[in-house]
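Data block below; observations after.
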Amino acid sequence: MSNIPESTQIGNHAVIEDDVSIGEHVVIGHQTVILQGTRIGDHVTIGNNCVIGIQPAANQRMRKNSNVKNELIIEAGTKIGNLVSIYSGSEIEKNVFIGDHASIRENVSIAEASVIGRAAIIELNTKIGRNCTVQTLAYVTGDTILEDDVFIGPCVSMSNDKYMGAQSYSLKGPYIKRGAKIGNNASLLPGITIGMNTIVGAGAVVTKHAEDNTIVAGVPAKKINS
Amino acid sequence: MSNIPESTQIGNHAVIEDDVSIGEHVVIGHQTVILQGTRIGDHVTIGNNCVIGIQPAANQRMRKNSNVKNELIIEAGTKIGNLVSIYSGSEIEKNVFIGDHASIRENVSIAEASVIGRAAIIELNTKIGRNCTVQTLAYVTGDTILEDDVFIGPCVSMSNDKYMGAQSYSLKGPYIKRGAKIGNNASLLPGITIGMNTIVGAGAVVTKHAEDNTIVAGVPAKKINS
Amino acid sequence: MSNIPESTQIGNHAVIEDDVSIGEHVVIGHQTVILQGTRIGDHVTIGNNCVIGIQPAANQRMRKNSNVKNELIIEAGTKIGNLVSIYSGSEIEKNVFIGDHASIRENVSIAEASVIGRAAIIELNTKIGRNCTVQTLAYVTGDTILEDDVFIGPCVSMSNDKYMGAQSYSLKGPYIKRGAKIGNNASLLPGITIGMNTIVGAGAVVTKHAEDNTIVAGVPAKKINS
Numbered sequence: 001m002s003n004i005p006e007s008t009q010i011g012n013h014a015v016i017e018d019d020v021s022i023g024e025h026v027v028i029g030h031q032t033v034i035l036q037g038t039r040i041g042d043h044v045t046i047g048n049n050c051v052i053g054i055q056p057a058a059n060q061r062m063r064k065n066s067n068v069k070n071e072l073i074i075e076a077g078t079k080i081g082n083l084v085s086i087y088s089g090s091e092i093e094k095n096v097f098i099g100d101h102a103s104i105r106e107n108v109s110i111a112e113a114s115v116i117g118r119a120a121i122i123e124l125n126t127k128i129g130r131n132c133t134v135q136t137l138a139y140v141t142g143d144t145i146l147e148d149d150v151f152i153g154p155c156v157s158m159s160n161d162k163y164m165g166a167q168s169y170s171l172k173g174p175y176i177k178r179g180a181k182i183g184n185n186a187s188l189l190p191g192i193t194i195g196m197n198t199i200v201g202a203g204a205v206v207t208k209h210a211e212d213n214t215i216v217a218g219v220p221a222k223k224i225n226s
Numbered sequence: 227m228s229n230i231p232e233s234t235q236i237g238n239h240a241v242i243e244d245d246v247s248i249g250e251h252v253v254i255g256h257q258t259v260i261l262q263g264t265r266i267g268d269h270v271t272i273g274n275n276c277v278i279g280i281q282p283a284a285n286q287r288m289r290k291n292s293n294v295k296n297e298l299i300i301e302a303g304t305k306i307g308n309l310v311s312i313y314s315g316s317e318i319e320k321n322v323f324i325g326d327h328a329s330i331r332e333n334v335s336i337a338e339a340s341v342i343g344r345a346a347i348i349e350l351n352t353k354i355g356r357n358c359t360v361q362t363l364a365y366v367t368g369d370t371i372l373e374d375d376v377f378i379g380p381c382v383s384m385s386n387d388k389y390m391g392a393q394s395y396s397l398k399g400p401y402i403k404r405g406a407k408i409g410n411n412a413s414l415l416p417g418i419t420i421g422m423n424t425i426v427g428a429g430a431v432v433t434k435h436a437e438d439n440t441i442v443a444g445v446p447a448k449k450i451n452s
Numbered sequence: 453m454s455n456i457p458e459s460t461q462i463g464n465h466a467v468i469e470d471d472v473s474i475g476e477h478v479v480i481g482h483q484t485v486i487l488q489g490t491r492i493g494d495h496v497t498i499g500n501n502c503v504i505g506i507q508p509a510a511n512q513r514m515r516k517n518s519n520v521k522n523e524l525i526i527e528a529g530t531k532i533g534n535l536v537s538i539y540s541g542s543e544i545e546k547n548v549f550i551g552d553h554a555s556i557r558e559n560v561s562i563a564e565a566s567v568i569g570r571a572a573i574i575e576l577n578t579k580i581g582r583n584c585t586v587q588t589l590a591y592v593t594g595d596t597i598l599e600d601d602v603f604i605g606p607c608v609s610m611s612n613d614k615y616m617g618a619q620s621y622s623l624k625g626p627y628i629k630r631g632a633k634i635g636n637n638a639s640l641l642p643g644i645t646i647g648m649n650t651i652v653g654a655g656a657v658v659t660k661h662a663e664d665n666t667i668v669a670g671v672p673a674k675k676i677n678s
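Protein chains in written order, with the numbering used here: chain P, 1 to 226; chain G, 227 to 452; chain D, 453 to 678.
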């Protein structure tokens, strides 16, 4: 049995598995499932119909993460919406906001005060800095780094596999430096770097590195200003 | 306690909070959560595992809507799919259809007979006219207006923040006039107008106003016909 | 009552309706809903908060599928994530993997060992071959064919309606031949064919047929190599 403090507010039919730890003044919505190994800090709120602390799964054609810790850490003051899924083996720092329908995979870290939008997806082995905003329906692929203060617009797409499954390849997502801003529905290719404070225009397809303090736009993206 | 008419068909483990009103012959699916302040009209059907009537939340870096009414109105004959989230402070008129996994924010109005597709997202402060179609995975940003008979193709993206969070700015989404049609995966920039009956090609990036009765396509979108 | 074998592992508050059949050693997550007419093979696992076996619905402005069988078949060894929706009238073969938040419509077939990514959507009347990968947030429209070994990148968009609802039209999605690979966030127009082993670049907008063994990219997509 998990030890649930008296200050916890728990919705109807919520399921809290064994080996879950819960801080003070936590709110857990109706029908939400908190799975084994989840560590919830003080004043965390979790909405309704969420699934928190999922163990990775795969079929025979998918890679498996062998080193995932069997623990999900959600630090104090973080707010999680409704119908959200979060995997085990990740760490979500203080005062993060995670919108409804979002999904966070294993081996992800999200630093203080960042915002993950509605239905946004953060794939495995990805690091997100402080004060980042990942907007609605954006797709942050696996093996990606976002430094602090990065803005990812709605519906932005990224990939981490140059050969689309055709060759064995060390998967690598984009590296997005501090203060960069990616416009809505832009596409970022595997392994590229987006420079510090650089702006990527809406709908751009970024196929190579973009320097610091530039503006790039178009298909393929070219420097239009700096 | 809420007053639940005998004609209501309620699934297993559904949660109906206090201060909910329910019309005649309403169907509510298994595991669905109906939160305080929800007003459901006659013959409305709501699928399984939905969360209906959510109160807005935010962290310290997000704007808050101060004037949201604590009431969600769903008029007669509207059909809501499964795993859907809808916020309080919105009004959904008669015979609307809302697909599975869709999310509708606060202070939104959706007029009669419109269709909101599977996993489509309608952000806050947005007005959708009659007989509109918003297709699967489309993103209708906040502070947007769709007049009647508008068609938004699958995976269309919009934005409402010219400066991507860098400056204080009055947020403004697109204004899409009657009968306009937006092709799949097109991107619309903040504050632009799409003219009456105008067609935007698939994958176009629309950066400025498009006149009535024209066809625009490309990156950036240009008039190709009229 | 459905006949549930002793080897079934069922989560808390799961709902299993009448006329469901369940093979040996099946796992069904917490809060998951299995609706009437679902046939589950041996060693299938289904995550938490899913809705499986949904009957199609529509409002007066949407087409209805008249010939959908009242049965969903999920073959042995298939794994289904969390918060997934799957319709009745479809057939999912052996050892398929379906990610969290994905949605599969009616009258769809998915052949052996294919992977349907997180939040990907497969619309009605679509056939997916063996060993296909449909990545995260990809949208496979209705009336589409994917032959074997096809790779659909993240956030790819397709459409099946040339006139966007303006004319009566026989809906037809893309036809994607064996071994083709579609880059992330590409847009495919209705009725086009993508040739065998052909590669479509990230962010491309494909408006006409692409021959076998070519590479196409850009807006609109042109042949860049072969």
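Yeah, the Cβ is synthetic: ideal placement off N, Cα and C, and Gly gets one too.
Chain P residues whose Cβ lies nearer than 8 Å to that of residue i
i: G/Q257; result: H13, Q31, N49
i: G/Q286; result: N95, A113
i: G/I348; result: Result: empty, since nearest Cβ-Cβ is about 10 Å, beyond 8 Å.
Within chain D, partners of residue i - CB distance below 8 Å
i: P/Y175; result: In chain order: nothing, as chain D lies at least about 17 Å away.
Contacts that residue i makes with chain G (C-beta to C-beta distance below 8 Å)
i: P/A102; result: What P/A102 touches in chain G: nothing, since even the nearest Cβ is about 10 Å away.
Proximal residues to residue i (C-beta, below 6 Å), its chain only, five neighbours per side dropped
i: D/S464; result: It should be noted that the sequence gives Asn, not Ser, for residue 464 of chain D. Here the set comprises H482.
i: D/T490; result: V472, I504, G505, L524
i: P/H209; result: I192, T193
i: G/R404; result: E373, D374, D375, M422
i: P/V27; result: Q9, T45
i: G/E301; result: G267, E319, K320
i: G/I450; result: I441, A443
i: P/L188; result: M158, P174, V206
i: D/G529; result: H495, K546, N547
i: D/V608; result: A590, I634, A638
i: P/V120; result: A small correction: the amino acid at residue 120 of chain P is Ala; Val does not occupy that position in the sequence shown. The answer, listed in chain order, is A102, V134, A138.
i: P/K69; result: G89
i: D/N476; result: Note on identity: in this sequence residue 476 of chain D is Glu, with Asn being the wrong assignment. For D/E476, where only same-chain residues beyond five positions count, the Cβ hits under 6 Å are P457, S459, D494.
Contacts that residue i makes with chain D (C-beta to C-beta distance below 9 Å)
i: P/T8; result: By Cβ distance, chain D contributes nothing, its closest Cβ being about 18 Å from P/T8, past 9 Å.
Neighbouring residues, chain G, relative to residue i (Cβ below 7 Å)
i: P/G218; result: V445
i: D/V657; result: A428, G429
i: D/I404; result: Examination of residue 404 of chain D is not possible in this model, given that chain D is present from 453 through 678 alone.
i: D/S609; result: P380, C381, N410, N411
i: P/R118; result: S329, I347
Contact set between residue i and chain P, taken where Cβ atoms lie within less than 7 Å
i: G/T367; result: P154
i: G/G391; result: T133, F151
Nonlocal neighbours in the same chain, by C-beta distance under 8 Å from residue i, ignoring five residues either side
i: G/N275; result: G255, H256, Q257, T258, N308, L309
Partners in chain D for residue i, counting only beta-carbon separations shorter than 7 Å
i: P/A210; result: In chain order: nothing, as chain D lies at least about 15 Å away.
i: G/A283; result: Within chain D, no residue comes near G/A283; the closest Cβ sits about 19 Å away, beyond 7 Å.
Cross-chain neighbours of residue i in chain P, by beta carbon under 9 Å
i: G/S228; result: By Cβ distance, chain P contributes nothing, its closest Cβ being about 14 Å from G/S228, past 9 Å.
i: G/S335; result: Near G/S335 there are no residues of chain P at all, since even the closest Cβ is about 19 Å away, more than 9 Å.
Own chain, CB closer than 7 Å to residue i, minus 5 neighbours either side, in chain order
i: G/N357; result: A339, S340, D374, D375
Touch test, the region 397-405 of chain G against the region 363-373 of chain G, Cβ-Cβ under 8 Å, three pairs minimum: Touching, yes.
Please list, in chain order, the residues of the region 633-648 of chain D that have any C-beta partner in chain P closer than 9 Å. K633, I634, G635, N636, N637, A638
At what residue ranges does the region 463-533 of chain D contain a whole run of the beta strand (DSSP E), taking only runs of 3 or more? List check, beta strand (DSSP E) in window: 490-492, 503-506, 524-526.
Any chance the region 416-428 of chain G sits against the region 436-445 of chain G, with 3 or more Cβ pairs inside 8 Å? With the cut-off at 8 Å, the region 416-428 of chain G and the region 436-445 of chain G touch.
Is it true that the region 484-494 of chain D meets the region 460-468 of chain D, where meeting means three or more beta-carbon pairs spaced less than 8 Å apart? yes
With 9 Å as the C-beta to C-beta threshold (strictly closer), list the residues of the region 127-138 of chain P near chain G in chain order. N131, T133, Q135, T136, L137
Residues of the region 516-537 of chain D in Cβ contact with chain P at a cutoff of 9 Å, in chain order, please. Of all residues in the region 516-537 of chain D, those with a C-beta nearer than 9 Å to a C-beta of chain P are G529, T530, K531, G533, N534, L535, reading in chain order.
Is it a yes or a no for the region 518-538 of chain D touching the region 51-59 of chain P, going by three-plus beta-carbon pairs under 8 Å? yes
Continuous alpha helix (DSSP H) assignments of at least 4 residues falling wholly in the region 549-635 of chain D: none
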